[in-house]
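Colleague: Count along the sequence shown from 1, add 834, and you get the number used in our numbering.
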Amino acid sequence: MSMNSWHDIVTPKTPLPQTFPDCAITELSHFGLIRATGSDVRTFLQGQLTNDINQVTPALAQLSSYCSPKGRMLGSFWVMQRGDDLYLQLPADRLPGILKRLRMFVLRAQVTLEDASGELARFGITGSCAADLLPFAPGADKATATRDDITVIRLPGERPRFEIIGPVSALAPLWSKLSETATQTGPDFWSLMDIRAGVPNVFEDTVEAFVPQMANLQLIGGVSFTKGCYTGQEVVARMQYLGKLKRRMYLAHIADTQRPAPGAEVFSPSSESGQGAGRIVDAAPSPDGGFDVLAVLQISSAEAGDVRLHDAAGPVLELRPMPYDLPPLGD
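(1) Label Leu929 either buried or exposed according to how many other C-beta atoms from any shown protein chain fall within 10 Å of its C-beta, with 16 as the threshold for buried.
(2) Would you call Pro990 buried or exposed, if buried means 16 or more other Cβ atoms sit within 10 Å of its Cβ?
(3) In the region 1071 to 1138, which residue ranges form an unbroken beta strand (DSSP E) of at least 3 residues, counting only runs that do not cross its ends?
(4) Can you list, in chain order, the stretches of the alpha helix (DSSP H) that have 4 or more residues and sit fully within the region 971 to 1005?
(5) By Cβ distance, which residues of its chain are closer than 7 Å to Gly1097, with the 5 residues on each side in sequence left out?
(6) Note down the Cα distance separating Ala950 from Ala870, rounded to an integer number of angstroms.
(7) If I follow the unbroken beta strand (DSSP E) through Leu947, where does it start and stop?
(8) Could you tell me which uninterrupted beta strand (DSSP E) segments, each at least 3 residues in length, are contained entirely in the region 1014 to 1056, listed from first to last along the chain?
(9) Any idea if Gly1123 is buried or exposed, counting beta-carbon neighbours within 10 angstroms, 16 or more meaning buried?
(10) Is Gln923 helix, strand or coil when you go by DSSP?
(11) Figure out for me which residue from Ile932, Arg988, Pro892, Glu1106 has the closest Cα to the Cα of Glu948.
(12) Please report the residue range of the alpha helix (DSSP H) in which Gly931 lies.
(13) Which of the three DSSP states, helix, strand or coil, is assigned to Ala955?
(14) Measure the C-alpha to C-alpha separation of Phe1101 and Ala1136 and round it to an integer number of angstroms.
(15) Take every Cβ of the region 994 to 1007, pair it with every Cβ of the region 1049 to 1059, and state whether three or more of those distances are shorter than 8 Å.
(16) Roughly how many angstroms lie between the CA atoms of Glu1099 and Ala1111, to the nearest whole one?
(17) Which stretch, first to last residue, makes up the alpha helix (DSSP H) that contains Ala964?
(18) The beta strand (DSSP E) with Ile868 in it runs from where to where?
(19) Which residue wins for smallest C-alpha separation from Ile868, given the options Phe1059, Lys904, Ala926, Val890?
(20) Taking the alpha-carbon positions, what's the Val945 to Asp918 distance?
(21) Verify whether the separation of the beta carbon atoms of Phe939 and Leu968 is less than 8 Å.
(22) Pull up the DSSP beta-bridge partners for Ala858, would you.
(23) With distance defined between alpha-carbon atoms, name the residue in Ile999, Ile1133, Val875 nearest to Met1083.
(24) Can you give me the Cβ contacts of Leu862 inside the same chain, cut-off strictly under 6 Å, excluding the 5 residues immediately before and after it?
(25) DSSP has Arg1142 in a bridge; who is on the other side?
(26) Going by CA-CA distance only, name the one from Gln1109, Gly1148, Pro1149 that's closest to Val1130.
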């Protein structure tokens, strides 16, 4: 079966729900997939990405990012292994730029990097139903298992959440079976799950906007400080050991009718920074109305509680608890 057949199968026959379903299934073609192969692939990626690629196994996926020499994130990924191949999953709008840039540095290494988005289908399932509906379900966050050419990854989140990856011929029957029970949702729902899990994505409008620590990547296992050199490593390490973090990512709610775009600026009257009070990382419609967002904010402004979207007249960012601990200042 082809990817065209897959899209015919998963195209909603009725409007997607506006509610927050207890059991949800989401097609994930809004993410792109890079396949990395070759005898030198781990050595190559170890020198490019922020995390320790040698920790990725068929049983364990990881979060990672790709930085500029200035330590600013160009992209963020889920990295997983299927067979002997490694895959980098990222927002589709970033795939062409990341793929082109990575290929520039392959040189004589035995590495092949390809856009595999059209080769493997992907969907997610969330809710208390998820583990029971799947043919197998890893038990811990980031745990991965592959059987009968189907890969299942357990993702972090406020409720059970899994991604399923495989050829269309394997996933189509599973999708059809699961969709009899689970309610089909769209990309906005999956974005909401990422936002509430505190997992950042880098989009075209936020390229080089943040160092990894600003996006809390070190708090969710997306940065290794023991692996050695990689592009941007000196800046990232200096921020960790010598610098004082002045910005970090927060979860917030905005009671507004217009969705904030990634990269949108926020305002705080208490901010003394010439770079502004912060920027939106991502936003998605909330089932309670308005939008839930991840935003990188100046810490002093977040603590003052006076952050608004765009300007002094914009809607307030109502900060919500993060799903993981934010270390105290100075730690």
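Just so you know, even glycine gets a beta-carbon here, dropped at the ideal spot from N, CA and C.
Modeller: The short version:
(1) The residue given as residue 929 occupies position 95 in the sequence shown. Result: buried.
(2) Start at 1 with the first residue of the sequence shown, and residue 990 comes out as number 156. Classification for Pro990: buried.
(3) 1081 to 1088, 1099 to 1101, 1112 to 1119, 1125 to 1132
(4) none
(5) For the purposes of this step, residue 1097 is taken as the residue at position 263 of the sequence shown. Closer than 7 Å at Cβ, skipping near neighbours: Asp1039, Thr1040, Ala1043, Arg1113, Ile1114.
(6) Locating residue 950 in the sequence shown gives position 116, counting from the first residue. Locating residue 870 in the sequence shown gives position 36, counting from the first residue. Looking at the two C-alpha atoms, the distance is approximately 9 Å.
(7) By 1-based counting over the sequence shown, the position of residue 947 is 113. From DSSP, the beta strand (DSSP E) with Leu947 extends over 946 to 949.
(8) 1017 to 1019
(9) Start at 1 with the first residue of the sequence shown, and residue 1123 comes out as number 289. Exposed, by the Cβ-count rule.
(10) The residue labelled residue 923 in the question sits at position 89 within the sequence shown. Three-state result, Gln923: strand.
(11) Position 114 of the sequence shown, counted from the start, is the residue given in the question as residue 948. Closest option to Glu948, Cα to Cα, is Ile932.
(12) Position 97 of the sequence shown, counted from the first residue, corresponds to residue 931. It spans 929 to 938 - the alpha helix (DSSP H) in which Gly931 sits, taken as one unbroken run.
(13) Translated into the one-based positions of the sequence shown, residue 955 becomes position 121. DSSP places Ala955 in strand when its eight states are reduced to three.
(14) On the sequence shown, residue 1101 is found 267 positions in, with the first residue counted as 1. On the sequence shown, residue 1136 is found 302 positions in, with the first residue counted as 1. If you take the alpha carbons of Phe1101 and Ala1136, they lie about 11 Å apart.
(15) no
(16) For the purposes of this step, residue 1099 is taken as residue 265 along the sequence shown, with counting starting at 1. For the purposes of this step, residue 1111 is taken as residue 277 along the sequence shown, with counting starting at 1. For Glu1099 and Ala1111, the distance between alpha carbons rounds to 8 Å.
(17) For this step, residue 964 is matched to residue 130 along the sequence shown. Run containing Ala964: 964 to 967, per the alpha helix (DSSP H) assignment.
(18) On the sequence shown, position 34 is the one that residue 868 refers to. Counting along the chain, the beta strand (DSSP E) containing Ile868 begins and ends at 865 to 871.
(19) As a working note, residue 868 is residue 34 in the sequence shown. Of Phe1059, Lys904, Ala926, Val890, the residue nearest in Cα terms is Ala926.
(20) Indexing the sequence shown from 1 puts residue 945 at position 111. Indexing the sequence shown from 1 puts residue 918 at position 84. When rounded, the distance between both Cα atoms is 13 Å.
(21) Looking up residue 939 in the sequence shown gives position 105. Looking up residue 968 in the sequence shown gives position 134. Their beta carbons are not under 8 Å apart, which means Phe939 does not touch Leu968 by this criterion.
(22) Residue mapping note: residue 858 aligns to position 24 of the sequence shown, counting from 1. Per DSSP, Thr960, Thr1017.
(23) For the purposes of this step, residue 1083 is taken as the residue at position 249 of the sequence shown. The candidate whose alpha carbon is nearest that of Met1083 is Ile1133.
(24) For the purposes of this step, residue 862 is taken as the residue at position 28 of the sequence shown. Closer than 6 Å at Cβ, skipping near neighbours: Arg956, Phe957, Gly958.
(25) Position 308 of the sequence shown, counting from 1, holds the residue named residue 1142. Per DSSP, Phe1101, Val1150.
(26) The residue labelled residue 1130 in the question sits at position 296 within the sequence shown. Taking only the C-alpha atoms, the option nearest Val1130 is Gln1109.
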